Amino acid sequence: MVKIKKLDESRIFIQSWRFAGISMTSPKDQKSPLGIVCPQCGCHHFYTTHTEPLRDGRIRRRKQCRHCFRRIVTYESAPTQPRKC
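Numbering-wise, the numbering used here puts 56 at position 52 of the sequence shown, and it's gapless, one number per residue.
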């Protein structure tokens, strides 16, 4: 078990949703809404405060929860193969 020291939330940017405790819902799961969920308050509503393209083709977005103001960072990339219609 890893002990994590709680730091001042206003100064932390979570580097990846995997380590932030944020849940991503699957398109196959019809019961839950799509998107990310705030690990602190459970809200689905985020503001995007900053968007930055990276050299490897991904996009880094800094987001902030509308209710508790927790900040997270997401890394987004386009799928390598196009979807079949």
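Ideal placement from N, C-alpha and C gives every residue a C-beta, glycine not left out. These figures come from a predicted structure and were not determined experimentally.
DSSP state of residue i mapped onto helix, strand, coil
i: residue 59; result: coil
i: residue 69; result: strand
i: residue 54; result: strand
i: residue 84; result: coil
i: residue 11; result: In this prediction, residue 11 has a pLDDT of 42, which is less than 50 and means its spatial position is unreliable; what the coordinates show is noted afterwards. Residue 11 falls in the coil class under three-state DSSP.
i: residue 64; result: strand
i: residue 74; result: coil
i: residue 21; result: For residue 21, the pLDDT reaches just 44, beneath the cut-off of 50, and the residue's location in the model is therefore unreliable, leaving the point undetermined.
Distance CB(residue i)-CB(residue j) smaller than 7 Å
i: residue 65; j: residue 55; result: yes
7 Å Cβ shell around residue i - same chain, five flanking residues per side excluded
i: residue 81; result: 61, 62
i: residue 88; result: none
Residue environment, residue i, which counts as buried when at least 16 other CB atoms sit within 10 Å
i: residue 59; result: exposed
i: residue 45; result: exposed
i: residue 53; result: exposed
i: residue 84; result: exposed
Expected contact under 8 Å - CB spacing of residue i and residue j to nearest Å
i: residue 75; j: residue 42; result: About 10 Å; that fails the 8 Å criterion.
Residues of its chain near residue i, where Cβ-Cβ distance is below 6 Å and the 5 sequence neighbours each way are ignored
i: residue 57; result: 63
i: residue 79; result: 62, 64
Neighbourhood of residue i by C-beta, 8 Å cutoff - its chain only, sequence neighbours within 5 removed
i: residue 50; result: 40, 42, 67, 68, 69, 70, 76
i: residue 3; result: No answer is possible for residue 3: the residues shown for the chain start at 5 and end at 89.
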